[in-house]
Amino acid sequence: MVQHGSSDKEWQLAKREALKVLRECAEMEETIFYSDLVTEIKSVKFLCFRQPFFKFLAELSTEENETDKGMFTVLVVRKKDRRPGNGFFVLAKKLRYRFRSEEQFVKKQRKKIFEFYFKSN
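Here this note's numbering = 1-based position in the sequence shown + 451.
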């Protein structure tokens, strides 16, 4: 199956590359800019802030969320405000998260991920 011009194999490899980077961020309790994550993914050439990249992040976050680790892409942020983009919050609602404050939701998700990876080391 072809995903946005990439084979399924390339798409899955890109997910592994992104997860490796995000795990490293989690272990250091850091975030990463969208543009920096794009440059770390070699298997698929994404353009930052384009639909294929957003679809990729949504798949990644959904799959990690299903393992009860939380929404891993909370670590991917915009440079201007160091927050996830609007699509992150739309996806959170699709995944049945309920929150009044986006800021509190982000803090809670980051804490969950940081604690998981701290315990894993």
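Virtual Cβ for every residue (Gly too), placed ideally from N, Cα, C.
What you are looking at is a predicted structure, and each value in this text was computed from that prediction instead of being measured.
- The beta carbons of Phe565 and Glu480 sit closer together than 7 Å.
- Across the structure, Thr518 and Thr524 are spaced so that their CA atoms are roughly 14 Å apart.
- The C-alpha of Lys493 is placed about 15 Å away from the C-alpha of Pro503.
- Remark: C-beta atoms of Leu526 and Cys476 approach each other more closely than 7 Å.
- Taking 7 Å as the cut-off, the beta carbon of Phe484 is found closer than this to the beta carbon of Lys530.
- Following the DSSP letters along the chain, one finds Pro503 inside the alpha helix (DSSP H) bounded by residues Gln502 to Glu517.
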